[in-house]
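Here is the structure we will look at, set down as structure tokens.
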Amino acid sequence: MSLSASKRRWLAASGVVWIMSTSTIAQTTSNTPPQVEWNLAEIYGSLDVWQRERSQLDGRVAGLTSFKGRLGESAETLADALDAISQAEKDVVQLYVYAFLEADEDRRVSDAQERRGEAA
Numbered sequence: 134m135s136l137s138a139s140k141r142r143w144l145a146a147s148g149v150v151w152i153m154s155t156s157t158i159a160q161t162t163s164n165t166p167p168q169v170e171w172n173l174a175e176i177y178g179s180l181d182v183w184q185r186e187r188s189q190l191d192g193r194v195a196g197l198t199s200f201k202g203r204l205g206e207s208a209e210t211l212a213d214a215l216d217a218i219s220q221a222e223k224d225v226v227q228l229y230v231y232a233f234l235e236a237d238e239d240r241r242v243s244d245a246q247e248r249r250g251e252a253a
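Here this note's numbering is used: the first residue of the sequence shown is 134, the next is one more, and so on.
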């Protein structure tokens with residue numbers, strides 16, 4: 134089956150438009166004014182700090198099991214458990230936000246995409 138000349142021209146034009154649009158998407162954001170960029174250092178000072186916090190959070194979340202079956206012991210135990218759960222949730226969200234913002238800076242950076250997956 135052969136394509137007519139008009140269909141070949143349409144396919145060629147579509148291919149050119151697609152190539153031009155993808156190269157525009159792949160451009161870096163080096164022209165973005167600093168006032169519209171986020172500063173990940175405000176969340177964690179470095180990637181090492183993020184990784185250390187992630188490792189520590191795993192232990193803190195596992196430690197929440199120490200409250201299992203004890204919430205009715207006293208108001209103080211319940212308050213301690215709720216505080217620990219609340220802090221763990223805040224820490225999880227902070228790790229998550231950092232990983233997602235870092236991954237969105239440049240979708241071509243596979244390490245950042247991997248951290249995003251770990252955080253999700």
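In this text, a Cβ means the ideal position worked out from N, Cα and C, and glycines have one as well.
The structure presented is a predicted model; accordingly, all values stated were derived computationally and were not measured.
According to DSSP, simplified to helix, strand and coil, what is Trp171?
coil
Grab the span of the alpha helix (DSSP H) containing Ser188 for me, first residue to last.
180-196
Tell whether a beta-carbon distance below 8 angstroms holds between Phe233 and Ala252.
yes
Three-state secondary structure (DSSP) of Leu211:
In this structure, DSSP gives Leu211 a helical state, which the three-state scheme calls helix.
Are there 16 or more other CB atoms within 10 angstroms of the CB of Leu215, so buried, or fewer, so exposed?
Counting other Cβ atoms within 10 Å of its Cβ, Leu215 stays below 16 and is therefore classed as exposed.
Chain-order list of residues whose beta-carbon lies under 8 angstroms from that of Trp249 (same chain, five-residue window excluded):
First, the amino acid is wrong: residue 249 is Arg here, not Trp. These residues qualify, in order along the chain: Ala232, Phe233, Glu235, Ala236.
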